[in-house]
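Student: Handing you this structure, nothing more for now.
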């Protein structure tokens, strides 16, 4: 039968695809991180100028080198005369653990205490940013241009009043000031502003020109990352369609643009954007620079091939400060979970770093429904309203969501199961026709079609309704895979994290058993080879499901149980008809 053959081929294709994805995840050659020596050299500021931007091209008329120039000289300051390394400045808030390197004033380590690296080690926060011998992922910023602090000659050594800062209870905001005095009389303050409960850091450069000449410079911010794998996937098990790892940016024409590592190397970013943002995205978490929305900023990307590193950066327009004046250049830096409501409030399109793929318009309402089932909250005109009907458990919410979607497609599923039940009922007659006309396949097909017409069976009736539902199932898959709300979310008993595989493989085994029962309700293929393949399909899928995140397996298991119940009722009804 052509329909059964198509189903078998589809199943084999899915299994083959999963095997290819598994092989790529285990054996593909990711971009290697920079050698230890190069990382250490970069941390100290080796003065090669490759990882620092040049001022925008519109500054040429003012006597400042264009964006194509590799070297931008800056006046000396009392801090750039020494290469002594200082201890990192540590900042603790209720949701962030940050370390700032005084050499350049970069955020070189950022941990998230609200998101443990593993559910079994709640005291070990997930480290999003870090710079050591094995991995480089940092947020850099500074001043460039005629009177800037950063240049190919080196980066400044900022001073801080203390080595550690703490956001105290009852305090909503914490300012961490780094200071620097230039030889031209300008006093610079690099201020990091942290707020309670927020992953957004405001980075301000305050210029107090106490000299006799005009101060001129521009602000830049960049994310530097090597090509190492996403550390957040180490505990997630096998993911058949891996989530996106790479860069992204916003422009006035398209709210969300991907820029992966390969494209950064082959087709670097180079454009001017009003406001916008630049981001590095990975599974569950994202870092992003959000410059002043009122300015036109230059966006670019750089591939440091020898170091194996990638840069995403912005450069602001030049700011001029007259003697006796004080002005501020600022930008915002986000480093935290991909929570859509918070990201959308920061900048338009930033919430799309929660990448639901090309079916995002289906995934978004599914996610909203899942959140409502779990928390009882619904968003109306940007306001969250708590109705108080949430179940409080993401596993139960997944079951209810699956039940809701199943109810929406109840009629379509019934049509499909009714067609398969009729096919199952006439299977003996079809086998008889095949045996009687085994030497005349054309006649066998004609007699089979007459049988279908007499019994009012649509050969495609069991397939088309399922194809209509596939986009919804794929969209739901991405919701369960991409939503950080499900990370380390417990279900019950031994399942304390729905985002990783079932430690005892109970759910995959139950899913395989349900799939086996479902095949027993389907018509038996006439071809013995097809029958053997269909017989082993539950076993093959069960093996793959062993390493799937428990939340995904729970969805498939629930869907199978509901399908079996509906299909069993319809099959019994058809078989009892005269």
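In our numbering, the protein residues as written are 21 to 598.
Backbone N, C-alpha and C define an ideal beta-carbon position, used for all residues, glycine too.
1) What are the start and end residues of the alpha helix (DSSP H) that includes residue 117?
2) Could you please give me the residues that DSSP links to residue 569 through a beta bridge?
3) With a CB to CB cut of under 6 angstroms and the five nearest residues on each side skipped, what residues in its chain are close to residue 96?
4) Quick one: grab the DSSP three-state call for residue 371.
5) Quick one: give me the first and last residue of the alpha helix (DSSP H) that residue 454 is part of.
6) For a test of the three-state rule: what should DSSP assign to residue 306, helix, strand or coil?
7) Quick check for students: name the residue ranges of the beta strand (DSSP E) that lie wholly in the segment 198 to 244, counting only runs of 3 or more.
8) Is it the case that the segment 361 to 378 contacts the segment 319 to 332, given that we only count it when at least three CB pairs across the two stretches are under 8 angstroms?
9) Enumerate in chain order the residues of its own chain whose CB-to-CB distance from residue 583 is below 6 angstroms, with the five nearest sequence positions on each side excluded.
10) Classify residue 126 as helix, strand or coil using the three-state DSSP reduction.
11) Residue 307 and residue 243 - do their beta-carbons sit closer together than 7 angstroms?
12) According to DSSP, is residue 190 part of a helix, a strand, or is it coil?
13) Mind checking which residues open and close the beta strand (DSSP E) that includes residue 475?
14) Is DSSP giving residue 139 helix, strand or coil here?
15) Please say whether residue 232 and residue 343 have beta carbons closer to each other than 7 angstroms?
16) Can you check whether the CB of residue 518 is closer than 7 angstroms to the CB of residue 414?
17) State the Cα-Cα distance for the pair residue 201 and residue 496, rounded to the nearest angstrom.
18) If you drop the 5 nearest sequence neighbours on each side, which residues of the same chain put their C-beta closer than 6 angstroms to that of residue 356?
19) Would you give the residue range spanned by the beta strand (DSSP E) that residue 329 belongs to?
20) Could you have a look at residue 532 and say whether DSSP puts it in helix, strand or coil?
21) Look at the Cβ atom of residue 121, then the Cβ atom of residue 110, and state whether they are nearer than 7 angstroms.
22) Which value, in whole angstroms, describes the spacing of the CA atoms of residue 635 and residue 214?
23) Considering only residues of the same chain and omitting the five flanking positions on each side of residue 559, which have a CB-CB separation below 7 angstroms?
24) In the structure shown, what three-state DSSP assignment does residue 411 receive?
25) Taking DSSP as the reference, what is the three-state secondary structure of residue 249?
26) Let me check one thing: in DSSP terms, what residues is residue 354 bridge-paired to?
27) Rounded to whole angstroms, how far is the Cβ of residue 211 from the Cβ of residue 226, which I believe are closer than 8 angstroms?
28) Evaluate contact between the segment 266 to 273 and the segment 292 to 303, counting only Cβ atoms and requiring at least three cross-stretch pairs below 8 angstroms.
29) Can you give me the start and stop residues for the beta strand (DSSP E) that residue 298 sits inside?
30) In the structure shown, what three-state DSSP assignment does residue 497 receive?
31) Quick one, are the C-beta atoms of residue 224 and residue 199 less than 7 angstroms apart?
32) Should residue 372 and residue 276 be called a contact, given that it needs their Cβ atoms to be closer than 7 angstroms?
33) What did DSSP end up calling residue 503 once you bin it into helix, strand or coil?
34) Tell me which residue opens and which closes the beta strand (DSSP E) that residue 393 is part of.
35) If you draw a straight line from the C-alpha of residue 141 to the C-alpha of residue 133, how long is it?
36) Are the segment 157 to 171 and the segment 112 to 130 touching, with three or more C-beta to C-beta distances below 8 angstroms?
Tutor: Taking the coordinates as given:
1) Counting along the chain, residue 117 falls outside any alpha helix (DSSP H), though it belongs to the beta strand (DSSP E) covering 117 to 121.
2) For residue 569, which the question treats as bridged, DSSP gives the partners 521.
3) Unreliable positioning characterises residue 96 in this predicted model, as indicated by a pLDDT of 40, which lies under 50. The coordinate reading is nonetheless provided below. Taken in chain order, the residues that qualify are 203.
4) helix
5) 447 to 456
6) strand
7) 206 to 215, 220 to 229
8) The segment 319 to 332 and the segment 361 to 378 do not touch, with fewer than 3 CB-CB distances between them shorter than 8 angstroms.
9) none
10) strand
11) Yes, these two residues count as a Cβ contact at 7 angstroms.
12) coil
13) Where residue 475 is concerned, there is no enclosing beta strand (DSSP E), although the alpha helix (DSSP H) it sits in stretches over 461 to 475.
14) coil
15) yes
16) yes
17) 55 angstroms
18) 219
19) It spans 329 to 335 - the beta strand (DSSP E) in which residue 329 sits, taken as one unbroken run.
20) Three-state DSSP puts residue 532 in a helix.
21) no
22) Because the chain spans 21 through 598 in this model, residue 635 falls outside it and cannot be assessed.
23) 532
24) coil
25) Coil, per DSSP.
26) Paired residues: 220, 308.
27) 6 angstroms
28) yes
29) 298 to 301
30) helix
31) no
32) yes
33) coil
34) Residue 393 -> not in any beta strand (DSSP E); alpha helix (DSSP H) instead, spanning 380 to 395.
35) 11 angstroms
36) Enough Cβ pairs lie closer than 8 angstroms, so yes.
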